[in-house]
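Just so you know, the protein sequences line up as chains A and B, in that order.
Residues 20 to 434 (the working numbering) make up the first sequence, in order.
Residues 3 to 216 (the working numbering) make up the second sequence, in order.
A virtual CB, placed ideally from N, CA and C, is assigned to each residue, including glycine.
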Amino acid sequence: MPDALSPAQLDRIEDALEHLERDGVDALMSAGEPDAAVEDVLAAYHSILQLTREALPPVEVPAGLLDDVLAQAHTAATAAAASTPEVRVPWYRRVKWNVWGPGLAFAATAAVLLVVVRPASDDASSAEARDAKVAQRTPASPPPPEDPAKTEVGDDRLADATRLAEAEADADADEKVGRGEGLLGDLDAERRRDDAEPAAAEDVPVQEAQQVEKKLSLGSVRKEEKAKEEDYGGVRGGLPGAGGGGSLPSTNTKTSGASGGKVSPSEPAKKKGGSSSNAGPTPAPTTSVPKAEPTVPAAPPPEPKPSPAPKDVVDDAGDEAWASVVTGDTRRNAGNCNGAKAAYQEAAKAAGEDRTRARALAGLGLCALAAGDDKGAESYFTKARKADPSVGSFIDGERAKLGVDNAANAAEVDE
Amino acid sequence: MAPVERSDEELMLAFRGGDAPAFSELVARHQRGVFNFVLRSVRNQGRSEELLQEVFLRVVRAKDRYEKTAKFTTWLYSIARNLCVDESRRARFRDHQSLDAKRGGKDGEDGGSMLSRLASDTVPTDEAAEAPKIRKRLSTAVDALPDEQREVFLLRQVSGLSFREIGETLDIPENTVKSRMRYALEKLRSQLADLRADAPLQSEASVEQERPHA
Chain A
20 MPDALSPAQL DRIEDALEHL ERDGVDALMS AGEPDAAVED VLAAYHSILQ LTREALPPVE
80 VPAGLLDDVL AQAHTAATAA AASTPEVRVP WYRRVKWNVW GPGLAFAATA AVLLVVVRPA
140 SDDASSAEAR DAKVAQRTPA SPPPPEDPAK TEVGDDRLAD ATRLAEAEAD ADADEKVGRG
200 EGLLGDLDAE RRRDDAEPAA AEDVPVQEAQ QVEKKLSLGS VRKEEKAKEE DYGGVRGGLP
260 GAGGGGSLPS TNTKTSGASG GKVSPSEPAK KKGGSSSNAG PTPAPTTSVP KAEPTVPAAP
320 PPEPKPSPAP KDVVDDAGDE AWASVVTGDT RRNAGNCNGA KAAYQEAAKA AGEDRTRARA
380 LAGLGLCALA AGDDKGAESY FTKARKADPS VGSFIDGERA KLGVDNAANA AEVDE
Chain B
3 MAPVERSDEE LMLAFRGGDA PAFSELVARH QRGVFNFVLR SVRNQGRSEE LLQEVFLRVV
63 RAKDRYEKTA KFTTWLYSIA RNLCVDESRR ARFRDHQSLD AKRGGKDGED GGSMLSRLAS
123 DTVPTDEAAE APKIRKRLST AVDALPDEQR EVFLLRQVSG LSFREIGETL DIPENTVKSR
183 MRYALEKLRS QLADLRADAP LQSEASVEQE RPHA
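Structural data, given as structure tokens:
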């Protein structure tokens, strides 16, 4: 053969050798180009392989020949098994997922509830704390710093009052009081005024200041304080300016300058912020009065800040009525709707002035709204808007806050 | 559903880990192939049985060194082949021939073994004597193959290994295995040409033609 076989043919023969016996020559040759020489060689090899397989039949292994070997293997395997350290399955693999999976899911859910929901009601464990929180969330009036227009008005009034004091003009006390409400609503403004015009303040007659104080040391404010003391279990101090200044911080400050200057700061009635804020704008001789200093320990309970009174409500009847409105606001914000209703009704009866009456009616409406009496509330709101259309913004704001509170309470109830 | 059959490697690892039945299964799978390879290599039944035991004993002893990266078949036949090579070397230096060893006849003919000269209790007929004759010639032709061709031929025809496994067992390239297989077939073809009516007689020179491999 094979002189005539090329290397390519030899390669083809060698590649066909492995499956020659299984597939046969024809199958192997059909895969490529027909080559008679290669086919002849492969046919000869195929015959040889078949003859060889017939001539060399497989010989069976004598039975039991390897028994000793298997015995030794068994011994070795046993020794290996004994020497192999026991594989300790960790506890978390022994505990099946289907057993502790649900427990883990429950714990995770509880953790999520604690983290997400609980902080919202952390402080709501006690009724008092919840009431205080509600009062914080729904202040009767926004704090003055948030109302730049109002601050500007206060500053203007400060300037007016200063001019009045300097001139010792014949302006009547009511006007001064009216202007002074706005002034004293802001302690900083008072300080600025004191710093800026000390000499002018000294010129204000004590008699006039006392007269102003008489008018503004309102019995209604005392009533309000009393009511607050009742509401807060006798915790005193920190009452904001009930007369409508509304921006005094909760720390009581000696504002004797505002109440007449020469009045001793130790006088209880004049120490209270509410009275002082109502004490009027009389430019006090601050040189004879020490600067404001706290007389009550800090951190009083959070209290709602009542809305500022209309600046034209300065007469006695108006003061009385407005004080009742403020009292009603305070009680309402503290959650005492019954007390607030009484105060609002008193104010509505006493008020001859439309704005105060409108506020009282609005307060009644808010109380009704809080009690779930929507129709009654709408009736009150309608009356209030009739009395003074400008009260609408107040109503809307309070209703929005009330809505927030209701949502928060609903969440607490759900929890 | 039939259980999934574990591979040789998995069985060996299981045996290494203390699973004795795994080794039994390995023995059942490979004892026949190894035994026939050893038997055709050393051409001695008794010695082949001893070598077969030795092969599996070595497997048992070396189980801790076995790595799964090595194919078990390759490893097993490497052990068997090494034992056969050692046995062949020892046989060459023996100063006596076994009873079933071939002996020379007159004029260079095969004289048969000493056992074949012993009296037989069966009288062979012509037909019955033909098959053993053919087997004898074939066996003789295989035995006459060079060692490197014979072991390739036996591993392929007797043990059923693939060319790749043979190459791994003998540590030679697969192409070399193919070439050796072709040389072996060509030599057998030339020696057994008269047994095939359709096969042309080939000259010994053409059989010996070697082709270089890369």
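Please list the partners that ASP42/A has in chain B, where partner means a Cβ-to-Cβ separation under 7 Å. Simply none; closest approach about 14 Å.
Mind the definition here: the segment 43 to 56 of chain B touches the segment 163 to 181 of chain B only if three or more C-beta pairs lie below 8 Å; say whether that holds. Contact fails: fewer than three Cβ-Cβ distances are below 8 Å.
Of all the options ASN355/A, LEU380/A, GLY354/A, which has the alpha carbon lying nearest to the alpha carbon of TRP341/A? Ranking the options by Cα distance to TRP341/A, first place goes to LEU380/A.
First and last residue of the alpha helix (DSSP H) that includes GLY48/B? Taken as a continuous stretch (DSSP letters only), the alpha helix (DSSP H) holding GLY48/B covers 47 to 63.
Whole angstroms is fine: what's the gap from ASP145/B's alpha carbon to PHE39/B's? 12 Å
Could you tell me whether the Cβ atoms of ALA74/A and SER43/B are closer together than 9 Å? At a Cβ-Cβ threshold of 9 Å, ALA74/A and SER43/B do not count as neighbours.
Range of the contiguous alpha helix (DSSP H) that encloses ASN355/A: It is not in any alpha helix (DSSP H) - ASN355/A carries neither H nor E in the DSSP assignment.
State the DSSP-derived secondary structure class of HIS32/B, mapped to helix, strand or coil. helix
Does the segment 60 to 77 of chain B come into contact with the segment 157 to 170 of chain B, if we say contact requires no fewer than three beta-carbon pairs (one atom in each stretch) closer than 8 Å? Short answer: they touch.
Nearest to ALA98/A (by Cα), restricted to the options ASP66/B, ALA195/B, ASP88/B, ARG91/B: ASP66/B
Could you check how far apart the C-beta atoms of LEU28/B and LEU13/B are, in whole angstroms? I think they sit under 8 Å. 5 Å
Segment limits, alpha helix (DSSP H) that includes VAL136/A: Premise fails: VAL136/A is in no alpha helix (DSSP H) and is neither H nor E.
Pick helix, strand or coil for SER283/A, following the three-state DSSP scheme. Note that SER283/A scores 39 on pLDDT, short of 50, meaning its location in the model is unreliable and no value can be drawn from it.
Stretch-stretch touch, CB-based, cutoff 8 Å, three pairs: the segment 55 to 68 of chain A with the segment 26 to 36 of chain A: yes
Look at the Cβ atom of SER161/B, then the Cβ atom of GLY35/B, and state whether they are nearer than 9 Å. yes
Assign SER9/B to buried or exposed, taking buried as 16 or more other Cβ atoms, counted over all protein chains shown, within 10 Å of its Cβ. exposed
Taking only the alpha-carbon atoms, compute the straight-line gap between LEU68/A and ASN84/B and give it to the nearest angstrom. 26 Å
What are the residues in the segment 61 to 80 of chain A lying within 9 Å of chain B by C-beta distance? ALA62, ALA63, TYR64, SER66, ILE67, LEU68, LEU70, THR71, ARG72, GLU73, ALA74, LEU75, PRO76, PRO77, VAL78, GLU79, VAL80
Select from VAL62/B, TYR185/B, VAL154/B, LEU147/B the residue whose C-alpha is nearest the C-alpha of THR171/B. VAL154/B
With 16 other Cβ atoms within 10 Å as the buried cut-off, status of ARG91/B: Label assigned to ARG91/B: exposed.
Over the uninterrupted alpha helix (DSSP H) stretch that includes GLY20/B, give me the two end residues. No alpha helix (DSSP H) contains GLY20/B, which DSSP labels as neither H nor E.
If you measure beta-carbon to beta-carbon, which residues of the segment 84 to 102 of chain A are closer than 9 Å to chain B? LEU84, LEU85, ASP87, VAL88, LEU89, GLN91, ALA92, HIS93, THR94, ALA95, ALA96, THR97, ALA98, ALA99, ALA100, ALA101, SER102
Closer than 7 Å at the beta carbon, the chain A residues around MET183/B: LEU36
Let me make sure I understand the geometry here. Which of LEU157/B, ILE174/B, ILE81/B, ARG49/B has the alpha-carbon closest to that of PRO81/A? ARG49/B
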